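For reference, each letter of the first sequence is one residue, going 114 to 362 in my numbering.
Just so you know, even glycine gets a beta-carbon here, dropped at the ideal spot from N, CA and C.
Please read all numbers here as calculations on a predicted model, not as lab measurements.
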Amino acid sequence: MPDLPTPALHEWNLMPEAAIALQKRLAPKIQREDRLGEVSTIAGMDIGFEDGGEITRAALILLEWPSLTLVEQIVHREPTRMPYVPGLLSFREIPAALGAFSRLSRWPDLIMIDGQGIAHPRRLGIASHLGLWLDLPTIGVGKSRLCGRFGDVPEEKGHWTPLTDRRRPEDPADIGIVEGDRVTIGAVLRSRENVKPLFISGGHRVSLETAVDWVTACLGKTKLPEPTRLADRLASRRGEVRESGRLPL
DNA sequence: GCGACAG
DNA sequence: ATCTTGTCGC
Numbered sequence: 114m115p116d117l118p119t120p121a122l123h124e125w126n127l128m129p130e131a132a133i134a135l136q137k138r139l140a141p142k143i144q145r146e147d148r149l150g151e152v153s154t155i156a157g158m159d160i161g162f163e164d165g166g167e168i169t170r171a172a173l174i175l176l177e178w179p180s181l182t183l184v185e186q187i188v189h190r191e192p193t194r195m196p197y198v199p200g201l202l203s204f205r206e207i208p209a210a211l212g213a214f215s216r217l218s219r220w221p222d223l224i225m226i227d228g229q230g231i232a233h234p235r236r237l238g239i240a241s242h243l244g245l246w247l248d249l250p251t252i253g254v255g256k257s258r259l260c261g262r263f264g265d266v267p268e269e270k271g272h273w274t275p276l277t278d279r280r281r282p283e284d285p286a287d288i289g290i291v292e293g294d295r296v297t298i299g300a301v302l303r304s305r306e307n308v309k310p311l312f313i314s315g316g317h318r319v320s321l322e323t324a325v326d327w328v329t330a331c332l333g334k335t336k337l338p339e340p341t342r343l344a345d346r347l348a349s350r351r352g353e354v355r356e357s358g359r360l361p362l
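What follows is the structure, given as structure tokens:
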């Protein structure tokens with residue numbers, strides 16, 4: 114049984130200025146180099162809402178690697194405590210996510226989260242924040258852009274273009290490839306043809322290249338990688354997810 | 001000052 | 001995110 118610090122209200126229910134200050138203090142702690150062990154399980158995390166937003170619903174999926182077989186699925190519901198504010202998403206969704214993780218029978222070796230990693234104004238998106246809290250390798254798998262610019266994305270599945278942003282004063286020198294006053298913070302990946310691309314970024318303890326590799330390796334026939342796809346389904350729709358294993362390539 | 005803005 | 005019907009395409 115994993116044991117994790119209980120999220121105290123005062124640590125998450127912060128005023129915007131305090132939350133931003135905390136992000137700036139935590140961002141330097143993010144590990145951008147690969148620090149993953151052997152991967153035998155991968156988790157997928159996503160959040161949904163009920164009652165017009167009154168209830169937060171955290172969905173956690175645990176898959177076995179490389180079969181991508183479902184080994185555990187958890188749904189955790191609790192009252193919503195923060196409104197959605199661009200850039201402060203983690204404060205709204207992480208408490209519920211931790212509730213789901215506390216019910217997991219064992220820690221995953223890698224986690225994919227619906228949202229950004231360091232591709233964030235202060236380089237601390239929800240995937241990074243959660244990874245730091247759990248001290249586990251995380252990858253951000255966003256369905257849309259929060260910040261940064263990118264050029265045309267190749268049409269071929271698996272190809273991508275860098276997501277770059279203006280370098281911020283507090284950005285560490287090794288945050289990514291630096292070109293002039295810009296830095297690469299993520300990858301805009303064509304996970305599937307004829308569909309809008311995915312925004313991949315390292316969360317914690319995972320480099321961008323490795324993040325893209327893992328997401329690509331978990332792609333099936335759909336736009337989202339299996340971990341996130343299943344968590345997504347569990348977070349929104351009712352009922353459970355039944356899965357028998359990896360889809361044919 | 002005017003947009004943009006993860007889920 | 002969520003509210004919502006049918007519809008086009010592989």
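Residue ranges of each beta strand (DSSP E) run of no fewer than 3 residues wholly in the segment 281-309, ordered along the chain? 295-302
May I ask you to report which of helix, strand or coil DSSP gives S349? Position 236 of the first sequence, counted from the start, is the residue given in the question as residue 349. Looking at S349 - three-state DSSP - the assignment turns out to be helix.
Count the other CB atoms, across all protein chains shown, that sit within 10 Å of the CB of L122; report buried if there are 16 or more and exposed otherwise. Residue mapping note: residue 122 aligns to position 9 of the first sequence, counting from 1. That one is exposed.
Name the residue from W273, S241 and W125 whose alpha carbon lies nearest to the alpha carbon of F263. Sequence index remark: in the first sequence, residue 263 carries index 150 (1-based). Nearest C-alpha to F263: W273.
At what residues does the beta strand (DSSP E) containing H233 begin and finish? For the purposes of this step, residue 233 is identified with residue 120 of the first sequence, where counting begins at 1. Segment: none, H233 is in no beta strand (DSSP E) and carries neither H nor E.
Just curious, the alpha helix (DSSP H) that E68 is in, first and last residue? It is not possible to answer for residue 68, since the shown part of the chain is limited to 114 through 362.
Beta-carbon contacts of D265 that lie in its chain and below 6 Å, excluding the five residues immediately before and after: In the first sequence, the residue the question calls residue 265 occupies position 152. Counting only Cβ-Cβ distances below 6 Å, and skipping sequence neighbours, we find nothing.
Determine contact between the segment 253-261 and the segment 226-237, defined as no fewer than three beta-carbon pairs at a distance below 8 Å. yes
Nonlocal neighbours in the same chain, by C-beta distance under 8 Å from D164, ignoring five residues either side: Locating residue 164 in the first sequence gives position 51, where the first residue counts as 1. For D164, where only same-chain residues beyond five positions count, there are no Cβ hits under 8 Å.
So for H317, helix, strand or coil by DSSP? Reading the first sequence from its first residue, position 204 is the one you call residue 317. If DSSP states are grouped into helix, strand and coil, H317 belongs with the strands.
With DSSP as the reference, label G333 as helix, strand or coil. As a working note, residue 333 is residue 220 in the first sequence. Note: G333 maps to coil in three-state DSSP.
Near I373, which residues of its chain fall below 6 Å by C-beta distance, leaving aside the five closest residues on each side in sequence? Since the first residue shown for the chain is 114 and the last is 362, residue 373 is missing from the structure and cannot be characterised.
Can you give me the Cβ contacts of P234 inside the same chain, cut-off strictly under 6 Å, excluding the 5 residues immediately before and after it? To locate residue 234, count along the first sequence from 1; it is residue 121. Excluding sequence neighbours, P234 sits near G200 and C260.
Boundaries (first-last residue) of the beta strand (DSSP E) holding H189: The residue labelled residue 189 in the question sits at position 76 within the first sequence. Per DSSP, H189 belongs to the beta strand (DSSP E) from T182 to P192.
Mind checking who R258 pairs with in its DSSP beta bridge? Looking up residue 258 in the first sequence gives position 145. Its beta-bridge partners do not exist; DSSP assigns none.
Where are the beta strand (DSSP E) runs, 3 residues long or more, that stay fully inside the segment 143-174, in chain order? 154-163
For S218, count neighbouring Cβ atoms within 10 angstroms of its own Cβ and tell me buried if that reaches 16, exposed if not. For the purposes of this step, residue 218 is identified with residue 105 of the first sequence, where counting begins at 1. Exposed: under 16 other Cβ atoms inside 10 Å.
P275, enclosing beta strand (DSSP E) - first and last residue: Working through the first sequence from its first residue, we reach residue 275 at position 162. W273 to R279 is the span of the beta strand (DSSP E), which, as asked, contains P275.
Nearest candidate by alpha-carbon position, reference A209, set V152, L176, E167 and G299: Start at 1 with the first residue of the first sequence, and residue 209 comes out as number 96. Taking only the C-alpha atoms, the option nearest A209 is E167.
Whole angstroms are fine: how far does the CA of E269 sit from the CA of E124? Counting from one through the first sequence, the residue named residue 124 turns up at place 11. Counting from one through the first sequence, the residue named residue 269 turns up at place 156. So the two alpha carbons sit approximately 43 Å from each other.
Look up E268 in the DSSP assignment and say whether it is helix, strand or coil. The sequence position of residue 268 within the first sequence is 155, counting from 1. Three-state DSSP puts E268 in coil, outside helix and strand.
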